[in-house]
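To convert, note that position 4 of the sequence shown is 184 in this note's numbering; the numbers rise steadily by one, no gaps.
All residues carry an ideal CB built from backbone N, CA and C; glycine is no exception.
Report on the structure given below.
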Amino acid sequence: MFHFVVPLVILQVLPSLAMEGELILQRFEQTTGFNIFKADLRVTKLNRTCAVLNGTVDVFVDVDNNYLHQMKFAYSRLGNNQFVEYPMKIPSQRFCDYLNTTYREYQHLFKETSNIPQVGPEGLCPFPSGKYWVKNFTIQPGLVPDPFYDALWRMTVLLVRGKSTASMNLYMQRYREGSW
Numbered sequence: 181m182f183h184f185v186v187p188l189v190i191l192q193v194l195p196s197l198a199m200e201g202e203l204i205l206q207r208f209e210q211t212t213g214f215n216i217f218k219a220d221l222r223v224t225k226l227n228r229t230c231a232v233l234n235g236t237v238d239v240f241v242d243v244d245n246n247y248l249h250q251m252k253f254a255y256s257r258l259g260n261n262q263f264v265e266y267p268m269k270i271p272s273q274r275f276c277d278y279l280n281t282t283y284r285e286y287q288h289l290f291k292e293t294s295n296i297p298q299v300g301p302e303g304l305c306p307f308p309s310g311k312y313w314v315k316n317f318t319i320q321p322g323l324v325p326d327p328f329y330d331a332l333w334r335m336t337v338l339l340v341r342g343k344s345t346a347s348m349n350l351y352m353q354r355y356r357e358g359s360w
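Put into structure tokens, the structure is as follows:
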């Protein structure tokens with residue numbers, strides 16, 4: 181589940197970050213929700229200048245519209261992990277609604293780098309349990325807008341169902357062209 185959530189989250193966020201700039205993946209961590217999914221994702225260097233996301237996600241339950249999808253951003257300008265919440269808000273959505281709207285528009289970014297199910301014209305709900313993989317996923321250049329500071333960014337993705345919460349964090353460094 182985590183595997184499909186990460187790409188879904190990235191797809192939702194990245195288009196809202198679009199302009200001249202570069203995001204370099206730093207690290208990934210799952211903090212809660214190990215009964216819903218188990219993510220074994222790592223950021224590794226593909227070469228000197230490119231970091232990629234690799235690994236697997238075991239989704240233990242079918243994720244339906246009873247789950248609420250939330251996303252939050254925070255940044256650390258000094259890169260010292262003292263994060264400030266970013267005021268930009270992405271509205272919470274029921275998970276199937278998210279899959280069939282936002283994710284569908286950007287799923288092409290993951291088509292060659294994962295086995296996450298593609299959402300067809302008829303939609304997809306629930307998201308099926310299973311083992312999903314991500315291989316050499318990187319953030320496309322030009323997807324980061326100017327309003328996003330050059331900083332270390334933390335994207336927190338939450339799946340909430342009642343009192344059960346699954347949480348993951350993806351850390352990315354944002355550089356604007358010519359800023360270094």
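- In this structure, Leu332 places its C-beta atom within 8 Å of the C-beta atom of Ser256.
- Within 10 angstroms of the beta-carbon of Gly235 lie 16 or more other beta-carbons, which makes it buried.
- The three-state reading of DSSP puts Phe240 in coil, since its state is none of H, G, I, E or B.
- Cβ neighbours of Tyr266 within its own chain (closer than 7 Å, five residues either side excluded): Phe253, Ala254, Tyr255.
- Taking C-beta atoms under 8 Å as the contact rule, Tyr355 and Ile204 qualify, at a distance of about 7 Å.
- When DSSP states are grouped into helix, strand and coil, Gln320 belongs to the coil group.
- Taken in chain order, the whole alpha helix (DSSP H) runs of length 4 or more contained in the segment 247 to 313 are 275 to 278.
- Partner residues in the beta bridge of Lys225, as assigned by DSSP, are Ala231.
- Under the DSSP assignment, Tyr355 falls in the beta strand (DSSP E) whose first and last residues are 344 to 355.
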